[in-house]
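As they're listed, the protein sequences go chains D and E. Here the first sequence stands for residues 396 to 667, where the numbers follow the numbering used here. Here the second sequence stands for residues 295 to 621, where the numbers follow the numbering used here. A virtual CB, placed ideally from N, CA and C, is assigned to each residue, including glycine. Note sheet for the following structure.
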Amino acid sequence: MTTKRSGAKTAAGLAATAVMLFPVYWMINVSFTSDQRMRKSPPDWFPVDGTLDGYRAVLDQQLPYLGASLIVGLGTVALTLAVAAPAGFALAKLRPRGGGVLSFLLLVAQMIPGIIMAMGYYAFLLNIGMLNTLPGVIIADTTIAVPFAVLIFTAFMAGIPDEIMQAAVTDGAGTLRTFWSVIMPVSRNATVTVSLFAFLWAWSDFVFASTLDSGGTLRPITLGIYHYIGNNNQEWNAIMATAVVASIPATVLLVLAQRYVAAGVSAGAVKD
Amino acid sequence: MNIRTQAPPTRSVDGPSGAAFSAAPPRAARHRAAQVTSQWAAWAFLTPITVYLIAFYAYPLYRNLDLSLRHYTVRSFVYGNAEFIGLDNYRTVLVDPTFLPALGHTVVFTLVSLALQFSIGMALAVFFTQHFRLSVTLRALFLVPWLLPLIVSASTWSWLLNSDSGIVNTALALLGVDPVNWLTSPDWSLTSVIIANVWIGIPFNLVVLYSGLRGIPPHIHEAAALDGATGWQRFWRVTFPLLRPVSAITLLLGLVYTLKVFDIIWIMTKGGPVDSSTTFATWSYRLGFGNPLPAFGPGAAVGNLLIVMAVVFGLIYIRVQRKQQQP
Chain D
396 MTTKRSGAKT AAGLAATAVM LFPVYWMINV SFTSDQRMRK SPPDWFPVDG TLDGYRAVLD
456 QQLPYLGASL IVGLGTVALT LAVAAPAGFA LAKLRPRGGG VLSFLLLVAQ MIPGIIMAMG
516 YYAFLLNIGM LNTLPGVIIA DTTIAVPFAV LIFTAFMAGI PDEIMQAAVT DGAGTLRTFW
576 SVIMPVSRNA TVTVSLFAFL WAWSDFVFAS TLDSGGTLRP ITLGIYHYIG NNNQEWNAIM
636 ATAVVASIPA TVLLVLAQRY VAAGVSAGAV KD
Chain E
295 MNIRTQAPPT RSVDGPSGAA FSAAPPRAAR HRAAQVTSQW AAWAFLTPIT VYLIAFYAYP
355 LYRNLDLSLR HYTVRSFVYG NAEFIGLDNY RTVLVDPTFL PALGHTVVFT LVSLALQFSI
415 GMALAVFFTQ HFRLSVTLRA LFLVPWLLPL IVSASTWSWL LNSDSGIVNT ALALLGVDPV
475 NWLTSPDWSL TSVIIANVWI GIPFNLVVLY SGLRGIPPHI HEAAALDGAT GWQRFWRVTF
535 PLLRPVSAIT LLLGLVYTLK VFDIIWIMTK GGPVDSSTTF ATWSYRLGFG NPLPAFGPGA
595 AVGNLLIVMA VVFGLIYIRV QRKQQQP
């Protein structure tokens, strides 16, 4: 391939990426634009006379929401790992009778729309007095991640050579010990992938937040933005600043864990 | 075409291999006692997920079914003494004037989104299999729309498509096109939410199809090129057929996912104006949670109809997968 053709492809790639990411750029641009310039026609392509008003509003009003989302995200990761890692280990390595049925149920579970789970959860959490609490949202959010997490753990752990396990057993380790001290450390990549997705999905969940925690004292950031749009649909710089801040975890995780993201998407979709 | 017949039926894809769900070969030298212990151990490790599935999947789903068969008011919801009315909620929903439009919008939204996401995702995946500077970085950047919280994407699109000050209308004005009321006109609201949904769905299609393409051995392409096939012929006659299993799964997962889409539509248009972008998902939400006087029963009934649709497609997905696993 000549350098010239490669250069043309790079240019085409840059152009396609620019088109695809334009909405993201525009979100950032608007977040710095002052109210007066917002409705200017044609709009400014760069934040001329940029303002930090939007970000000041975020810091003033949205911090509790961000904190709540952090709790929900971490709680979802913890519960997902606690349930899914042992299940993946058992399905991949211990060959339980009935394991196939369980895997099948998990596949079906992935097909159930969140809005339907939300209705059931509403009734359920209302009865046990956990409506409008973060633990209620955490439990509901894990339903998005758990089937996927079991899939990833099973697929990954099936690839760990049996010899490693047998060596541990020969050394006198029980199954629990083998799982905890041998299999889990080796499965670090799967754990990272699962944690990443569980956190992102919980962080960006809107359905469960809005149905199960709309009246809570601590509410996730997705609700923060939603109510902000409802109440101040003129202050687009503040709305977009909140959106930018709410996107930071996704961006940071993408930069830090790019290869896990790609592996997770492919593995979750094409288990083959 | 002999290239096709020579091609090994390979479908390997990067990422962890997933032989997990097929039964493992029986291990010859294993003591029966050890196997019994191992069964106990296996189910000990499966206890958390089993309890979890029953408590946090099966029970809420049962409650949702129960909701759909009773007449609920806010009072009876709290006290739990709602009257059992059988399938009345389903009848209410089926004769509701929203039913047919919602069904139509669900079908159009799903099919158009899928077709666009898939074809654009495929074009980009093919593009990115070529070697050029920055290709890895640019491909990673393409993931951003998929990782952003949906509320962020949906609000950003609301602003881009704003009738008065949105950049899209500004750009159209430069081309001499009159402003379009993207979100406030019944003619355009469905198109608007489809545009946003396609944008969000492209990265998923790109990543999965890209790893599918990477799984096709390069020598097949080289052979086709030697036989004199043009780029387009190579794609259409060689790559595309080999990619069929991956494509099928991408489309079916996309289908199941798109049926569920709620956030984007609700945030951008709330299903309106006058139901012009209402789908089953948003209708169910509106009935259950979007009113001062919630209609939980009919809401749950709509939800259950959606579940039936999703599970039917899910079963197709599993069938296709099984077929694929056979040699």
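Asked	Found
The segment 348-367 of chain E contacting the segment 516-523 of chain D, beta-carbon criterion three pairs below 8 Å	yes
Beta carbon proximity, residue 645 of chain D to chain E, threshold 9 Å	yes
Per-residue DSSP class, three states only, for residue 427 of chain E	coil
Any C-beta of chain E under 9 Å from that of residue 516 of chain D	yes
Delimiting residues of the alpha helix (DSSP H) encompassing residue 422 of chain E	393-422
Contact check, residue 428 of chain D vs residue 596 of chain D, beta carbons under 9 Å	no
Any 3 or more C-beta pairs closer than 8 Å across the segment 516-525 of chain E and the segment 464-473 of chain E	no
Nearest-angstrom beta carbon gap, residue 484 of chain E and residue 571 of chain E [assumed within contact, 8 Å]	5 Å
Where residue 556 of chain E falls: helix, strand or coil (DSSP)	coil
Element boundaries [alpha helix (DSSP H), containing residue 353 of chain E]	353-362
Whole-Å CB distance - residue 573 of chain E paired with residue 400 of chain E, under 8 Å assumed	4 Å
9 Å Cβ cutoff met for residue 383 of chain E and residue 511 of chain D	no
Cβ of residue 593 of chain D within 9 Å of any chain E Cβ	no
Closest by C-alpha distance to residue 505 of chain D, when choosing among D/537, D/485, D/565, D/495	D/537
Residues within the segment 478-493 of chain E neighbouring chain A, beta-carbon criterion of under 8 Å	The structure shown has no chain A; the protein chains it does contain are D and E.
Proximity test, residue 567 of chain E beta-carbon vs the ligand NAP heavy atom, cut-off 8 Å	With respect to the ligand NAP, the structure offers nothing, as it holds no ligand at all.
CB contact check: residue 315 of chain E to chain D, cutoff 9 Å	For residue 315 of chain E, the predicted model reports a pLDDT of 39, less than 50, meaning its position is unreliable; a value from the coordinates is still stated below. With 9 Å as the cut-off, residue 315 of chain E counts as an interface residue toward chain D.
Paired residues, beta bridge with residue 365 of chain E - DSSP	E/377
Against chain D: residues of the segment 567-579 of chain E by CB proximity under 8 Å	575, 578, 579
Expected contact under 8 Å - CB spacing of residue 642 of chain D and residue 444 of chain E to nearest Å	That pair is no contact at about 11 Å.
Coarse secondary structure for residue 599 of chain D, derived from DSSP in three states	helix
Cutoff 9 Å: residue 575 of chain D Cβ touching any chain E Cβ	no
Beta-carbon neighbours of residue 581 of chain D, restricted to chain E and to distances below 9 Å	Per Cβ cutoff of 9 Å: no residues; residue 581 of chain D is ~12 Å from chain E at best.
8 Å Cβ cut-off: residues of chain D touching residue 424 of chain E	404
Residue interval of the alpha helix (DSSP H) (run including residue 468 of chain D)	458-484
Cβ pair count under 8 Å reaching 3, the segment 538-555 of chain D against the segment 484-491 of chain D	yes
Residue environment, residue 378 of chain E, which counts as buried when at least 16 other CB atoms sit within 10 Å	exposed
Closest Cα partner of residue 537 of chain E within the set E/507, E/549, E/520, E/512	E/507
Residue burial classification, residue 400 of chain D (beta-carbon count within 10 angstroms, cutoff 16)	exposed
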